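Protein chains in written order, with this note's numbering: chain A, 1 to 404; chain B, 405 to 808.
Backbone N, C-alpha and C define an ideal beta-carbon position, used for all residues, glycine too.
Quick caveat: nothing in here was measured; it's all calculated off a predicted structure.
Written out below as structure tokens is the structure these notes cover.
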């Protein structure tokens with residue numbers, strides 16, 4: 001069967017008019033003789049509205065009931081989409097997670113799909129029906145409703161594509177695709193036609209707006225081709241696929257930047273085993289996410305400096321934890337708030353020497369000072385002053401010819 | 405097990421504050437060692453909001469999807485109630501129709517409960533839990549969501565009381581109980597402490613605001629004691645029970661009045677078999693509800709006059725149907741818009757002679773003219789000028805000492 005999975009996000013089904021538009025898009029696939037499996041999120045705003053209610057009921061609202069409550073959002077959207085398709089003359093119906101069923105494991109609010117029963121949906125597809133499936137949810141082995149913590153409806157779509165061996169999973173959203181960099185920050189940013197899972201994962205700060213990284217990872221593991229495209233503009237989007245499917249790789253595919261980071265340097269830390277762990281353990285326990293970590297070579301064999309970045313929102317808590325914790329010894333704490341992490345990402349850099357040099361040279365030419373450097377196989381990140389962030393994006397976009 | 409079923413209507417759970425109040429009421433039953441089964445409607449306004457959406461999607465929205473859509477309303481209310489009970493330290497959870505399951509038959513939008521599986525709920529009650537069950541819905545044998553056409557959540561509550569052999573079914577609503585007559589029309593109307601099913605059914609025009617007649621009928625058939633009381637005021641309500649449970653029956657229990665009726669008289673109808681049927685068939689086909697019907701004795705053996713009442717909203721359609729239908733022969737059509745039906749209801753009248761006379765005399769004393777009379781075993785209805793309606797309520801309320 002030529003199955004495609006189409007996933008519609010909250011903004012794509014945010015109003016009645018948009019739902020009518022979505023039904024047209026679905027109908028067009030059906031007319032091209034695809035077997036169409038649809039997954040929908042809740043209409044935008046609805047989930048927050050429900051969350052607000054639960055918070056008013058209790059600041060510590062039951063996790064299990066939270067899932068019962070929130071799952072209604074997708075149910076409403078799916079019944080309306082199915083209703084519109086029926087209105088348009090198609091055979092369609094909503095399928096709720098318990099009807100299929102979609103089985104999850106893990107805890108409430110944070111479950112993961114581990115099994116989707118195929119028999120009913122396959123039969124329905126063979127009968128010419130268009131199933132509209134509630135995203136973001138499943139049931140557990142106790143037959144209770146669960147919601148999918150990470151990835152939400154994207155994760156549902158990827159898993160449906162996996163279990164139904166779909167040709168493609170199309171993520172309809174409010175952007176036209178993935179861009180070389182954030183178009184709001186750099187107007188000459190260009191839509192990327194095709195990108196590898198690995199690059200997409202590294203472009204988290206861009207990618208998160210389009211798709212949750214956990215879903216990209218799931219797609220990568222299951223080799224599912226994802227197309228990200230707009231529900232509102234009839235243009236081809238971005239294909240996320242495996243490296244070997246991509247011909248003519250550019251050296252660099254995209255550039256990401258962060259703008260809420262802070263730099264923390266502990267000066268005069270004892271240079272002995274276990275010191276780094278003693279610093280990061282209390283931070284991790286307090287859910288403070290540490291990003292770039294750099295430790296300089298010890299100058300005298302006794303003391304060293306340790307630098308890392310965190311979200312600026314976590315800065316005060318971090319300061320308190322470091323100062324209060326008697327196990328952490330350092331001479332001085334240096335904090336810097338207005339920093340920005342710029343990353344260039346591309347599988348091409350693996351086989352192309354000199355990328356690091358070109359990046360540093362390009363920044364140096366614009367007199368942009370690099371504070372911290374960190375690299376992975378397909379990404380080079382540098383920390384710079386936030387005020388230089390836009391200039392850096394611009395010069396690197398030109399350097400690697402991303403607008404070509 | 406000492407089981408009580410508590411049902412909360414839409415206005416009772418209309419806001420977060422009201423849901424908190426409802427959770428207190430439920431908790432109080434639990435503290436008195438009852439096994440409490442709760443049924444809830446959707447928060448008031450929600451169902452209409454959902455219906456509006458479906459109408460915008462299609463004027464002919466799918467019945468099956470209508471049920472999927474509307475059932476979310478009760479799901480939201482139940483999760484919030486359960487969440488509040490958990491917050492208050494009770495063991496509670498929402499139970500959706502498919503989880504129990506509650507099995508219905510009949511068509512979408514208009515199904516009826518025919519089986520409720522007891523095993524899971526009984527186990528949960530024995531474990532000390534308070535189940536919060538979605539009213540107004542079930543699933544059919546195709547495992548699809550259905551809604552209960554007539555009676556809604558009241559019907560769910562009665563059926564739960566039946567299957568779980570509850571001591572009592574308490575209907576929490578926005579009125580304090582059933583009154584001798586509508587308190588908005590007659591301020592001296594008194595709350596009735598106890599009333600029989602039969603009287604309650606006859607008091608449809610009063611009763612409908614409190615409970616759907618179909619649910620009262622279900623309660624009667626299954627001998628379920630119903631208490632109707634307010635969620636907002638801590639006062640005892642009205643007990644609806646079987647006649648033999650009621651001591652010291654009054655002759656008359658209540659008085660109802662209608663105020664949107666019209667009288668239709670066909671003058672000079674052929675007096676032969678099948679004539680009445682030929683008149684009422686097209687009305688029935690057009691869903692026009694005919695209430696009081698009176699046919700005078702034929703004066704000359706050839707012609708007669710036929711009078712009946714309908715809702716004034718249906719008057720124009722009725723006129724058109726009667727005039728357009730060539731099978732209906734009459735000399736003249738007399739329409740009267742501003743009429744009111746006054747009914748006195750009471751099981752006591754079966755054994756008490758002279759009630760009819762007392763009613764007519766009391767009205768005559770106030771110079772109120774009676775246009776049409778119709779009687780049943782426990783009800784006497786008269787049609788009068790609408791302008792006399794309040795005066796008639798008042799004089800009859802006094803005559804039968806309903807304020808005592």
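Exercise for review: May I have the straight-line CA-CA distance separating residue 343(A) from residue 95(A), to the nearest angstrom?
Suggested key: 42 Å
Point to revise | Sub-8 Å separation of residue 177(A) and residue 191(A) beta-carbons | key: Residue 191(A) sits close to residue 177(A), with the two beta carbons spaced by under 8 Å.
Practice item. Specify, as a first and last residue, the run of the alpha helix (DSSP H) that residue 55(A) falls within. Key: 46-57
**Study point:** Inter-residue spacing [alpha-carbon to alpha-carbon] between residue 462(B) and residue 766(B)
**Key:** 54 Å
Exercise for review: Look up residue 105(A) in the DSSP assignment and say whether it is helix, strand or coil.
Suggested key: strand
Exercise for review: Along the beta strand (DSSP E) that carries residue 112(A), what are the first and last residues, could you check?
Suggested key: 110-116
Practice item. Determine the direct distance from the alpha carbon of residue 112(A) to that of residue 148(A), and round the result to whole angstroms. Key: 6 Å
Check your understanding: Mind checking if residue 621(B) is an interface residue toward chain A, Cβ cutoff 8 Å exclusive?
Key -> no
Check your understanding: residue 771(B): buried (16+ other C-beta within 10 angstroms of its C-beta) or exposed?
Key -> exposed
**Study point:** According to DSSP, residues forming a beta bridge with residue 131(A)
**Key:** Beta-bridge partners of residue 131(A) (DSSP): 93(A).
Check your understanding: Should residue 518(B) be labelled buried (16 or more other beta-carbon atoms within 10 Å of its own) or exposed?
Key -> exposed
Review point. Does any CB atom of chain A fall closer than 8 Å to the CB of residue 425(B)?
Key: no
Check your understanding: Checking contacts by CB at 8 Å: is residue 453(B) closer than that to chain A?
Key -> no
Point to revise | Limits of the alpha helix (DSSP H) - the one that residue 63(A) falls within | key: First-last of the alpha helix (DSSP H) with residue 63(A): 63-87.
Check your understanding: With a cut-off of 8 Å, does the C-beta of residue 199(A) fall near any C-beta of chain B?
Key -> no
Review point. Are residue 559(B) and residue 619(B) closer than 8 Å when you measure CB to CB?
Key: yes
Check your understanding: Mind checking if residue 501(B) is an interface residue toward chain A, Cβ cutoff 8 Å exclusive?
Key -> no
**Study point:** Neighbour-count burial assignment, residue 233(A), 16 or more Cβ in a 10 Å radius
**Key:** exposed
Review point. Where do the N-terminal and C-terminal ends of the alpha helix (DSSP H) with residue 199(A) fall, by residue?
Key: 197-202
Review point. Is residue 467(B) near residue 512(B), with beta carbons less than 8 Å apart?
Key: yes
Point to revise | Against chain A: residues of the stretch 468-500 of chain B by CB proximity under 7 Å | key: 468, 469, 472, 473, 476, 479, 480, 483, 484, 486, 487, 488, 490, 491, 497, 498
**Study point:** Cα-Cα separation between residue 640(B) and residue 598(B), rounded to whole angstroms
**Key:** Rounded to the nearest angstrom, the two C-alpha atoms are 11 Å apart.
Check your understanding: For residue 643(B), which three-state DSSP category applies?
Key -> Reduced to three states, the DSSP call for residue 643(B) is strand.
Exercise for review: Give the range of the alpha helix (DSSP H) segment to which residue 295(A) is assigned.
Suggested key: Premise fails: residue 295(A) lies in the beta strand (DSSP E), 293-295, not in any alpha helix (DSSP H).
Point to revise | Residue-chain proximity (residue 118(A), chain B), Cβ-Cβ < 8 Å | key: False, the Cβ-Cβ gap to chain B never drops below 8 Å.
Check your understanding: If you draw a straight line from the alpha carbon of residue 197(A) to that of residue 335(A), how long is it in whole angstroms?
Key -> 35 Å
Practice item. Note down, in chain order, each residue of its chain lying with its Cβ closer than 7 Å to the Cβ of residue 325(A), except the 5 sequence neighbours on either side. Key: 282
Check your understanding: By a C-beta neighbour count over all protein chains shown, 10 Å radius and 16 as the cutoff for buried, is residue 364(A) buried or exposed?
Key -> exposed
Check your understanding: Hey, residue 393(A) and residue 185(A): beta-carbon distance below 8 Å or not?
Key -> yes
Check your understanding: Buried or exposed: which applies to residue 220(A), given that a residue is buried once 16 or more other Cβ atoms fall within 10 Å of its Cβ?
Key -> Buried.
Point to revise | Those runs of the beta strand (DSSP E) which lie wholly inside the stretch 149-228 of chain A and span at least 3 residues | key: 168-173, 194-196
Review point. Under a Cβ-count criterion, where at least 16 other Cβ atoms within 10 Å of its own Cβ denotes burial, should residue 659(B) be classed as buried or exposed?
Key: buried
Review point. Can you name, in chain order, every residue of its own chain whose Cβ lies under 6 Å from the Cβ of residue 421(A), other than the five neighbours on each side?
Key: Past the edges of chain A, shown from 1 to 404, lies residue 421(A), and the structure says nothing about it.
**Study point:** Of the listed residues 252(A), 301(A), 124(A), nearest to residue 272(A) (C-alpha basis)
**Key:** 301(A)
Review point. What is the rounded straight-line gap between the Cα of residue 99(A) and the Cα of residue 145(A)?
Key: 11 Å
Check your understanding: Taking the alpha helix (DSSP H) that residue 27(A) falls in, what are its first and last residues?
Key -> 16-31
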